[in-house]
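Chemist: Structure provided below as structure tokens; questions to follow.
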Amino acid sequence: MTSRTADEPRRKLEMKRLQKLRTSIAERELDALLISRTENRRYLSGFAGSSGWLFISEKDAILATDFRYVEQAKEESPEFVIFQTKRELHDWLPGLISDLAWHKLGFEADSVSYDSHHKLSEALKTAQVRLELVPAVGLVEHLRSIKEPEELALITRAVELGDAVFQQAKTIIRPGMTEKEAAWEIEKLLRQQGSEGVAFEIIVA
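Just so we're aligned, residue 34 is where the sequence shown starts under my numbering, counting upward by one.
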């Protein structure tokens with residue numbers, strides 16, 4: 034099975050999520066939504082890079098990231114238009130927005146600082162871009178709280194994988210092995226079983 038074929042279920046799930054989010058955006062009477070929270074960005078796009086923003090509208094799905102992650106973004110989020118950023122959000126957003134017919138942009142107010150909001154507002158004024166920034170909290174979180182059958186299947190698979198690795202780990206962890214060595218052996222087992230990685234550092238005690 035090719036990597037692309039293996040990714041098809043995830044791609045379909047992400048597209049379904051985007052469609053539901055677009056419905057929520059329309060209900061809020063927004064033209065688009067800016068996603069800045071890391072976990073929400075990955076939930077919608079599959080992009081695992083540590084820096085990036087999503088812009089979702091009725092017709093657009095844009096992933097903005099800097100030069101370090103452009104190739105990764107293209108690989109992990111092929112359904113998104115990739116926009117390469119330079120410097121800070123307020124430096125490049127007016128230029129991006131000026132090419133789009135957006136007048137009301139929702140943003141995740143709980144992850145955008147007052148300073149960032151102020152700088153962005155001033156940059157939009159300077160560039161003479163008429164755009165209203167509208168706080169919009171919880172749109173993606175609401176979607177994430179309702180699990181699709183596909184998501185439940187993935188959760189079940191993760192639990193099964195964890196159980197299997199735990200049983201294997203009991204056979205390889207031995208007296209004298211350091212916690213770091215044991216954690217590394219467990220991570221190797223997880224990856225061998227198909228895990229993408231670990232959400233946080235493995236603790237062995």
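Don't be surprised by glycine CBs; every beta carbon is placed ideally from N, CA and C.
1) Which residue wins for smallest C-alpha separation from I89, given the options D99, L66 and T71?
2) Name the DSSP bridge partner or partners of E165?
3) Specify, as a first and last residue, the run of the beta strand (DSSP E) that L63 falls within.
4) Going by C-alpha to C-alpha distance, which of I58, D99 and D196 sits closest to I115?
5) Using C-beta distances below 7 Å, list every residue in its chain close to A134, excluding the 5 sequence neighbours before and after it, in chain order.
6) With three or more C-beta pairs closer than 8 Å as the rule, is the segment 178-196 touching the segment 55-71?
7) Just verifying my parser: in three-state terms, what is the DSSP assignment at Q226?
8) Contact between the segment 124-141 and the segment 162-169: three or more CB pairs below 8 Å?
9) In the structure shown, what three-state DSSP assignment does F113 receive?
10) Under 8 Å, do E47 and L96 count as touching if we go by C-beta distance?
Modeler: Checking against the coordinates, here is how it stands:
1) L66
2) K137
3) Premise fails: L63 is in no beta strand (DSSP E) and is neither H nor E.
4) D99
5) none
6) no
7) coil
8) yes
9) coil
10) no
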